[in-house]
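J.:
Residue numbers (our numbering): 29 to 278.
(1) How would you call residue 258, buried or exposed, if buried means at least 16 neighbouring beta carbons within 10 angstroms?
(2) With the cut-off set at 7 Å, would you say residue 74 and residue 252 are in Cβ contact?
(3) Pick from 72, 88 and 82: whose alpha carbon is nearest that of residue 95?
(4) Can you list, in chain order, the residues of its chain with a C-beta nearer than 6 Å to that of residue 188? Leave out the 5 residues immediately preceding and following it.
(5) Return yes when the Cβ of residue 234 is within less than 7 Å of the Cβ of residue 171, no when it is not.
(6) Let me know if residue 214 comes out buried or exposed under the rule of 16 or more other beta-carbons within 10 Å of its beta-carbon.
(7) Enumerate in chain order the residues of its own chain whose CB-to-CB distance from residue 186 is below 7 Å, with the five nearest sequence positions on each side excluded.
(8) Is any non-hydrogen atom of the ligand ATP found closer than 6 Å to the C-beta of residue 96, if you look at the structure I gave you?
(9) In the DSSP assignment, find the unbroken beta strand (DSSP E) run with residue 218 in it and report its ends.
(10) Based on the DSSP secondary-structure assignment, which residues constitute the bridge partners of residue 129?
(11) Between the alpha carbons of residue 266 and residue 78, how many angstroms are there, rounded?
(12) Could you name the residues of the same chain whose beta carbon sits closer than 6 Å to that of residue 51, not counting the 5 residues immediately before and after it, in chain order?
(13) My understanding is that residue 192 touches residue 128, with C-beta atoms under 8 Å, so please give their C-beta distance in whole angstroms.
(14) Can you check which of these residues, 175, 222 and 150, is closest to residue 120 by C-alpha distance?
(15) Quick one: what does DSSP say residue 91 is sitting in, helix, strand or coil?
(16) Looking at C-alpha atoms only, which residue of 224, 155, 141 and 134 is the closest neighbour of residue 241?
(17) For residue 258, which residues does DSSP report across the bridge?
(18) So for residue 76, helix, strand or coil by DSSP?
(19) Go through its chain and collect everything with a Cβ distance to residue 177's Cβ below 6 Å, but skip five positions before and after it.
(20) Check each candidate in 133, 138, 69 and 264 and name the one with the smallest Cα separation from residue 246.
(21) In whole angstroms, give me the CA-to-CA distance for residue 261 and residue 183.
(22) Please state the DSSP three-state secondary structure of residue 187.
(23) What residues are listed by DSSP as bridge partners for residue 196?
(24) Let me know the secondary structure DSSP gives residue 154 once reduced to three states.
(25) For residue 84, does the three-state DSSP call read helix, strand or coil?
Structure, rendered in structure tokens:
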């Protein structure tokens, strides 16, 4: 535990804007555990994310350990800026979609992978993580399911006046969050039903929850393992996994 605390205290990524929003599971390694050599901050984040997806109802995923942490003074943190998924664009879904696809191409995601990840992430939580405004995408923000896709396909949304960044609210009076404050979508969300290619994937996932969960697990694992290089073309995570017995979750 002390080793983990030391890593957290010097991690330059703590200054990255998304880090304060993270709530991590606590991993306990019994003394003498075999098969576990080092628990790094990077591995902790990925493992906790896999556990969270599983608890929320997602498909099982493998865990590939062995990531290294940044150290104090590491200049790598400068590359952690968020991609521009249409930020700063107002009431222009065409321009939002263009910026979205441009950012996705730099991330190495196919449009299908981007669609399933968007729907999976936005089936959970609240828009901008704001519990006061309660701008929820779905009626069950603690469950990983295909409701985000079904809402885009079945509900009509209208732009909310005077809100920045753009926010869309379902105009169907029967559609509301658990707190009864309506259901919402961001401008980027709306691109996944207005663009013909993205809309095709959205309709597919709205119709089949099991395909959605399987594809989400595959895309999530691809992103989590995208930096595990083994030479110019291979990935360390393509090798047979060692047992990780001894990792307990509290």
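All C-beta atoms in this analysis are idealised placements derived from N, C-alpha and C, irrespective of residue type, glycine included. Since this is a predicted model, take the numbers as computed values, not measurements.
T.: The short version:
(1) The sequence position of residue 258 within the chain shown is 230, counting from 1. Burial state of residue 258 is exposed, judged by a 10 Å Cβ sphere holding fewer than 16 other Cβ atoms.
(2) In the chain shown, counting from the first residue as 1, residue 74 sits at position 46. In the chain shown, counting from the first residue as 1, residue 252 sits at position 224. Against a cut-off of 7 Å, the Cβ pair of residue 252 and residue 74 comes out as a contact.
(3) For the purposes of this step, residue 95 is identified with residue 67 of the chain shown, where counting begins at 1. Residue nearest to residue 95 within the set 72, 88 and 82 is 72 (criterion: CA-CA distance).
(4) Reading the chain shown from its first residue, position 160 is the one you call residue 188. Excluding sequence neighbours, residue 188 sits near 195 and 197.
(5) Position 143 of the chain shown, counted from the first residue, corresponds to residue 171. Position 206 of the chain shown, counted from the first residue, corresponds to residue 234. Contact annotation: residue 171 and residue 234 have beta-carbon atoms that are not nearer than 7 Å.
(6) In the chain shown, counting from the first residue as 1, residue 214 sits at position 186. When all chains shown are included, residue 214 counts as buried.
(7) By one-based count along the chain shown, residue 186 stands at place 158. Excluding positions up to five away in sequence, the list reads 196, 197 and 199.
(8) Absent from the structure shown: the ligand ATP. Ligands present: none.
(9) For this step, residue 218 is matched to residue 190 along the chain shown. Note, residue 218: premise wrong, no beta strand (DSSP E); alpha helix (DSSP H) at 215-222.
(10) As a first step, residue 129 must be located in the chain shown, where it is residue number 101. Beta-bridge pairing links residue 129 to no other residue.
(11) One-based indexing of the chain shown puts residue 266 at position 238. One-based indexing of the chain shown puts residue 78 at position 50. Between the C-alpha atoms of residue 266 and residue 78 there is a straight-line separation of about 18 Å.
(12) Walking along the chain shown from the start, residue 51 turns up at place 23. Bear in mind that a pLDDT of 43 at residue 51, under 50, signals an unreliable position, so the number given afterwards is only what the model happens to contain. Annotation for residue 51: no residue places its beta carbon closer than 6 Å to its own, counting only its chain and skipping 5 residues before and after.
(13) The sequence position of residue 192 within the chain shown is 164, counting from 1. The sequence position of residue 128 within the chain shown is 100, counting from 1. Incorrect: roughly 18 Å between the Cβ atoms, too far for contact.
(14) Taking the first residue of the chain shown as position 1, residue 120 is located at position 92. Ranking 175, 222 and 150 by Cα distance to residue 120 puts 222 first.
(15) Here residue 91 refers to the residue found at position 63 when the chain shown is read from its first residue. If DSSP states are grouped into helix, strand and coil, residue 91 belongs with coil.
(16) Indexing the chain shown from 1 puts residue 241 at position 213. The candidate whose alpha carbon is nearest that of residue 241 is 141.
(17) Within the chain shown, residue 258 is the residue found at index 230, counting from 1. Residue 258 pairs with 262.
(18) Position 48 of the chain shown, counted from the start, is the residue given in the question as residue 76. Reduced to three states, the DSSP call for residue 76 is helix.
(19) For the purposes of this step, residue 177 is identified with residue 149 of the chain shown, where counting begins at 1. The beta carbon of residue 177 is closer than 6 Å to those of 147, 230, 233 and 234 in its chain, skipping five residues each way along the sequence.
(20) Mapped onto the chain shown, residue 246 falls at position 218. Comparing Cα positions, the closest option is 138.
(21) Position 233 of the chain shown, counting from 1, holds the residue named residue 261. Position 155 of the chain shown, counting from 1, holds the residue named residue 183. Approximately 43 Å, taken between the alpha carbons.
(22) As a working note, residue 187 is residue 159 in the chain shown. The answer is strand: DSSP assigns residue 187 an E or B state.
(23) As a first step, residue 196 must be located in the chain shown, where it is residue number 168. Answer is 187 and 213.
(24) Walking along the chain shown from the start, residue 154 turns up at place 126. Strand.
(25) If you number the chain shown from 1, residue 84 lands on position 56. Correct three-state label for residue 84: coil.
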